[in-house]
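Enquirer: Numbering-wise (the UniProt record's numbering), the sequence shown opens with residue 1 and increments by one.
Positions of the beta carbon are idealized from the N, C-alpha and C atoms, including for glycine.
My structure is below; once you've seen it, I'll send some questions.
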Amino acid sequence: MLSVVLILGLTISFFFAVLTLAHKLSNFNPRKSSNRSRPAPSRQPSASPRASQSWLRPASKQPLRGINDLETGISRGYSTFDRSSEVATGPLFEVHSARSSAAARQFSSMSIGPLLCSASSPFDLRLESSEGSSYVGTSSPPQSLLLDYPSSSTSRDESNSEYKTLHTFGKSGEGEVKVVKQSATGKLFVVKIVSLKRRAAGGYRMCNEASMLTYHLDSHPNIILCHDSDIEQCPASPSKCHMLLEYCSGGDLANFCAHWEVLRATRLQHVPELFLMHFIVSMANALSYLHLGSPDRDPIIHRDIKPANLFLRWPSTSNPYGLPDIVLSDFGFAVFEADSVGVCGTPGYLPPETKAVWEMRDLPDVSSETYEAIRNQQWMTAASDMYTFGATLHDLVFLDGFDNRRKSYEAVDVTAAFADEGQYLRSPWLLRILNDSLAEDPVIRMSTTELVRVAAGLKDVMARMFKAGVRLPENSWPAPLLFEEGSSAAAAPSAKDTRPGHKSLRLRRPGPNFSIGERQTLRTTGF
Numbered sequence: 001m002l003s004v005v006l007i008l009g010l011t012i013s014f015f016f017a018v019l020t021l022a023h024k025l026s027n028f029n030p031r032k033s034s035n036r037s038r039p040a041p042s043r044q045p046s047a048s049p050r051a052s053q054s055w056l057r058p059a060s061k062q063p064l065r066g067i068n069d070l071e072t073g074i075s076r077g078y079s080t081f082d083r084s085s086e087v088a089t090g091p092l093f094e095v096h097s098a099r100s101s102a103a104a105r106q107f108s109s110m111s112i113g114p115l116l117c118s119a120s121s122p123f124d125l126r127l128e129s130s131e132g133s134s135y136v137g138t139s140s141p142p143q144s145l146l147l148d149y150p151s152s153s154t155s156r157d158e159s160n161s162e163y164k165t166l167h168t169f170g171k172s173g174e175g176e177v178k179v180v181k182q183s184a185t186g187k188l189f190v191v192k193i194v195s196l197k198r199r200a201a202g203g204y205r206m207c208n209e210a211s212m213l214t215y216h217l218d219s220h221p222n223i224i225l226c227h228d229s230d231i232e233q234c235p236a237s238p239s240k241c242h243m244l245l246e247y248c249s250g251g252d253l254a255n256f257c258a259h260w261e262v263l264r265a266t267r268l269q270h271v272p273e274l275f276l277m278h279f280i281v282s283m284a285n286a287l288s289y290l291h292l293g294s295p296d297r298d299p300i301i302h303r304d305i306k307p308a309n310l311f312l313r314w315p316s317t318s319n320p321y322g323l324p325d326i327v328l329s330d331f332g333f334a335v336f337e338a339d340s341v342g343v344c345g346t347p348g349y350l351p352p353e354t355k356a357v358w359e360m361r362d363l364p365d366v367s368s369e370t371y372e373a374i375r376n377q378q379w380m381t382a383a384s385d386m387y388t389f390g391a392t393l394h395d396l397v398f399l400d401g402f403d404n405r406r407k408s409y410e411a412v413d414v415t416a417a418f419a420d421e422g423q424y425l426r427s428p429w430l431l432r433i434l435n436d437s438l439a440e441d442p443v444i445r446m447s448t449t450e451l452v453r454v455a456a457g458l459k460d461v462m463a464r465m466f467k468a469g470v471r472l473p474e475n476s477w478p479a480p481l482l483f484e485e486g487s488s489a490a491a492a493p494s495a496k497d498t499r500p501g502h503k504s505l506r507l508r509r510p511g512p513n514f515s516i517g518e519r520q521t522l523r524t525t526g527f
């Protein structure tokens, strides 16, 4: 009798174990994890899984992905500001007092790994770093069909092309940036072309920016939208990755700072606090989406935040206060945080821990082997992005061009400059954010979660200010760049359509920086 009971019990236990395993398998959802734990895709991914044909191919008539046309992203709730259960809207001045020492980043714990770029490559404007994956099972990227927009290097007739090239901002050995108009709709887009690098073992390195924007990141109002990407096979030269990006008619934040520098010199105006709050809230939204990850994606760090990589989108798709969306772009250096090794970024904006490593290369008593061993560690984390966020905020507040190669930004220096500026003395919260985000020690630097808590409070303040009638002055915005096709102006969004009371001006180059390659930066204006 006892044996029968035991057999029956074992049978029932086995039955429930099988049911539990089947339930787990049916609900399995793999994470979008780092490149080290996931094989590289065998083809350059498209921005939308619905698009069976690329925008680069003549037969392409697929609708472009828009902010209100999402299969993923918004449905999951990317905005951490509206999650009352996750974000505590507390006093702005007491955020850092709640820091837990146990939760501090263990930045001293370095993982040794291979550096994915050449250590000896000098830079003029940006440091070199080229994380990415090779194409699997092939020595070359997938063969593309005839490009559907004319290349500046060909003499092909544009009359039958779906896209008309309106302006080419620059060309280098690595690529170029164009503004194109879709013939059917008259809409403007930006085409970014990056030359792919061949691996020593064969195959091509995937375009890191295209991979991040189209494969790992969903649509987000504060992240540049990549509608599609494809590979152009070039037998006689390096193959190229073409990205079709959204056009942001408000220009970049570097152009915005230059505009306000003129206003300060001629009219004694300063960037209004309402815009500074808007910038902080927008960056908290973007960085929380990148740094905090999601159920199906590991945390990502940008590694090159600066005014030239932030754009203003008119009209806004998400802001209720008549302000443009602030859009983070140029993901050429972006990487999963767990995969981050080496140093990269823009000189003058490098976090202190990264800057110190880079400057070691010129020390006479440091051998190349020692430098390689030191550099091939995880020097850049989410704390690095927080520093460059603070550097960009410093640019907006002081309008003097952040450059930590020539100037100290310790708390005592920033506090003294803040007092001398005088314009924001009634806003001690702003000084606190500057000092906390620019802290030299990455362990005590303001974290992304703390920035989200501060931004939640600022959103409430912005709502009260807007309700009280506070608005930005009409001269707040630089004039947009209008492009000409032949003798007529292109269909760029005019200022009167997007910004009440502002007159449109026709501008010419040069303008602020727009980075197009992994080492090259072009001088451009207007998107």
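Identify whether Gly9 lies in helix, strand or coil by the three-state DSSP scheme.
Expert: On the sequence shown, residue 9 is found 9 positions in, with the first residue counted as 1. DSSP places Gly9 in helix when its eight states are reduced to three.
Enquirer: Count the other CB atoms within 10 Å of the CB of Asp218; is the residue buried (16 or more) or exposed (fewer)?
Expert: Mapped onto the sequence shown, residue 218 falls at position 218. Asp218 should be labelled buried.
Enquirer: Going by CA-CA distance only, name the one from Asp385, Ile193, Ile12, Asn475 that's closest to Leu268.
Expert: Here residue 268 corresponds to residue number 268 of the sequence shown, with the count starting at 1. It is Asn475 whose Cα lies nearest to the Cα of Leu268.
Enquirer: Which residue wins for smallest C-alpha separation from Cys226, given the options Pro442, Ile193, Thr448, Ser408?
Expert: Counting from 1 along the sequence shown, the entry for residue 226 is found at position 226. Minimum Cα distance to Cys226 is reached at Ile193.
Enquirer: Give the DSSP bridge partners of His242, in chain order.
Expert: Along the sequence shown, read from residue 1 onward, the residue named residue 242 stands at position 242. Its beta-bridge partners are Ile193, Asp230.
Enquirer: Who are the near neighbours of Phe466 in its chain, counting only those whose CB is closer than 6 Å to its CB and skipping five residues on each side?
Expert: Working through the sequence shown from its first residue, we reach residue 466 at position 466. The answer, listed in chain order, is Tyr321.
Enquirer: State the start and end residues of the unbroken beta strand (DSSP E) segment that holds Ile326.
Expert: Within the sequence shown, the letter at position 326 stands for residue 326. From DSSP, the beta strand (DSSP E) with Ile326 extends over 325-328.
Enquirer: In terms of alpha-carbon separation, which member of Ala416, Val341, Val327, Ala455 lies closest to Asn222?
Expert: Taking the sequence shown and counting its residues from 1, the one referred to as residue 222 is at position 222. For the residues Ala416, Val341, Val327, Ala455, the minimum Cα distance to Asn222 belongs to Val327.
Enquirer: If you check the beta carbons only, do Phe333 and Gly345 fall under 8 Å apart?
Expert: Translated into the one-based positions of the sequence shown, residue 333 becomes position 333. Translated into the one-based positions of the sequence shown, residue 345 becomes position 345. Contact: yes.
Enquirer: How many Å lie between Phe402 and Ala184 at the Cα?
Expert: Along the sequence shown, read from residue 1 onward, the residue named residue 402 stands at position 402. Along the sequence shown, read from residue 1 onward, the residue named residue 184 stands at position 184. Cα to Cα, the separation comes out at about 43 Å.
Enquirer: How far does the alpha helix (DSSP H) with Arg453 in it extend, from its first residue to its last?
Expert: Along the sequence shown, one-based indexing puts residue 453 at 453. Note, Arg453: alpha helix (DSSP H), 448-467.
Enquirer: Hey, how far is the Cα of Val443 from the Cα of Ala479?
Expert: As a working mapping, residue 443 is identified with position 443 in the sequence shown. As a working mapping, residue 479 is identified with position 479 in the sequence shown. Cα-Cα distance, rounded: 41 Å.
Enquirer: Can you give me the start and stop residues for the alpha helix (DSSP H) that Arg375 sits inside?
Expert: Your numbering for residue 375 matches position 375 in the sequence shown. Where Arg375 is concerned, the enclosing alpha helix (DSSP H) stretches over 368-375.
Enquirer: Return the Cβ separation of Ser329 and Met386 in integer angstroms, given the expectation that the two are a contact with Cβ distance under 8 Å.
Expert: Counting from one through the sequence shown, the residue named residue 329 turns up at place 329. Counting from one through the sequence shown, the residue named residue 386 turns up at place 386. At roughly 18 Å, the Cβ-Cβ gap does not stay under 8 Å, so Ser329 and Met386 are not in contact.
Enquirer: What span of residues does the beta strand (DSSP E) with Leu312 cover, start to end?
Expert: Position 312 of the sequence shown, counted from the first residue, corresponds to residue 312. Segment 310-313, the beta strand (DSSP E) holding Leu312.
Enquirer: Looking at Leu310 and Pro324, is the spacing between their C-beta atoms short of 8 Å?
Expert: Translated into positions along the sequence shown, residue 324 becomes position 324. Translated into positions along the sequence shown, residue 310 becomes position 310. Contact flag unset, no.
Enquirer: What three-state label does DSSP hand Gly322 in the structure shown?
Expert: To locate residue 322, count along the sequence shown from 1; it is residue 322. Three-state DSSP puts Gly322 in coil, outside helix and strand.
Enquirer: For a test of the three-state rule: what should DSSP assign to His167, helix, strand or coil?
Expert: Here the question's residue 167 lines up with position 167 in the sequence shown. It is a strand residue.
Enquirer: Which value, in whole angstroms, describes the spacing of the CA atoms of Tyr424 and Ala338?
Expert: The residue labelled residue 424 in the question sits at position 424 within the sequence shown. The residue labelled residue 338 in the question sits at position 338 within the sequence shown. Cα to Cα, the separation comes out at about 38 Å.
Enquirer: Looking at the structure shown, is Lys355 part of a helix, part of a strand, or coil, going by DSSP?
Expert: Counting from 1 along the sequence shown, the entry for residue 355 is found at position 355. Here Lys355 sits in helix by DSSP.
Enquirer: Report the partner residues of Asp178 according to the DSSP bridge assignment.
Expert: Here residue 178 refers to the residue found at position 178 when the sequence shown is read from its first residue. The question names Asp, yet the displayed sequence has Lys at residue 178. Looking at the DSSP assignment, Lys178 forms a beta bridge with Thr168, Val191.
Enquirer: How would you write the range of the alpha helix (DSSP H) that Glu162 sits in, first residue to last?
Expert: Against the sequence shown, residue 162 aligns to sequence position 162. Where Glu162 is concerned, there is no enclosing alpha helix (DSSP H), given that its DSSP letter is neither H nor E.
Enquirer: For Asp395, count the other beta carbons within 10 Å of its own beta carbon; 16 or more makes it buried, fewer makes it exposed. Which is it?
Expert: Translated into positions along the sequence shown, residue 395 becomes position 395. Per the 10 Å Cβ criterion, buried.
Enquirer: Are Met283 and Phe418 touching if we call contact CB-CB under 8 Å?
Expert: Along the sequence shown, read from residue 1 onward, the residue named residue 283 stands at position 283. Along the sequence shown, read from residue 1 onward, the residue named residue 418 stands at position 418. No; because the gap between Cβ atoms is not below 8 Å, this pair is not in contact.
Enquirer: Which same chain residues end up closer than 7 Å to Leu287 when comparing Cβ atoms and leaving out the 5 residues on each side of it in sequence?
Expert: As a working mapping, residue 287 is identified with position 287 in the sequence shown. The answer, listed in chain order, is Asp385, Phe389, Thr448, Leu451.
Enquirer: What does DSSP give as the partner residue(s) for Phe275 in the beta ladder?
Expert: What you label residue 275 is simply residue 275 of the sequence shown in a count that begins at 1. According to DSSP, which records beta bridges pairwise, Phe275 is partnered with nothing at all.
Enquirer: Give the range of the alpha helix (DSSP H) segment to which Pro428 is assigned.
Expert: Start at 1 with the first residue of the sequence shown, and residue 428 comes out as number 428. Per DSSP, Pro428 belongs to the alpha helix (DSSP H) from 428-437.
Enquirer: Assign Ile7 to buried or exposed, taking buried as 16 or more other Cβ atoms, counted over all protein chains shown, within 10 Å of its Cβ.
Expert: What you label residue 7 is simply residue 7 of the sequence shown in a count that begins at 1. Classification of Ile7: exposed, given that the 10 Å Cβ count is below 16.
Enquirer: DSSP three-state label for Phe389, please.
Expert: Numbered from its first residue, the sequence shown carries residue 389 at position 389. Reduced to three states, the DSSP call for Phe389 is helix.
Enquirer: What would DSSP say about Asp413, mapped onto helix, strand or coil?
Expert: Residue numbering aside, residue 413 sits at position 413 when the sequence shown is read from its first letter. It is helical.
Enquirer: On the DSSP letters alone, give me the boundaries of the alpha helix (DSSP H) that Trp260 sits inside.
Expert: The sequence position of residue 260 within the sequence shown is 260, counting from 1. Run containing Trp260: 253-267, per the alpha helix (DSSP H) assignment.
Enquirer: Based on Cα-Cα distance, which residue from Asp365, Ala382, Asn255 lies nearest to Val341?
Expert: As a working note, residue 341 is residue 341 in the sequence shown. Taking only the C-alpha atoms, the option nearest Val341 is Ala382.
Enquirer: Rounded to the nearest angstrom, what separates Leu290 and Met212 at their Cα positions?
Expert: Along the sequence shown, read from residue 1 onward, the residue named residue 290 stands at position 290. Along the sequence shown, read from residue 1 onward, the residue named residue 212 stands at position 212. So the two alpha carbons sit approximately 11 Å from each other.
Enquirer: Which residue or residues does DSSP assign as beta-bridge partners of Val335?
Expert: Counting from 1 along the sequence shown, the entry for residue 335 is found at position 335. Its beta-bridge partners are Ile301.
Enquirer: Label Asp460 either buried or exposed according to how many other C-beta atoms from any shown protein chain fall within 10 Å of its C-beta, with 16 as the threshold for buried.
Expert: The count along the sequence shown starts at 1 and reaches residue 460 at position 460. The residue in question, Asp460, is exposed, as its Cβ has fewer than 16 Cβ neighbours within 10 Å.
Enquirer: Exposed or buried, Ile12, counting other C-beta atoms within 10 Å across all chains shown (16 or more means buried)?
Expert: What you label residue 12 is simply residue 12 of the sequence shown in a count that begins at 1. Classification for Ile12: exposed.
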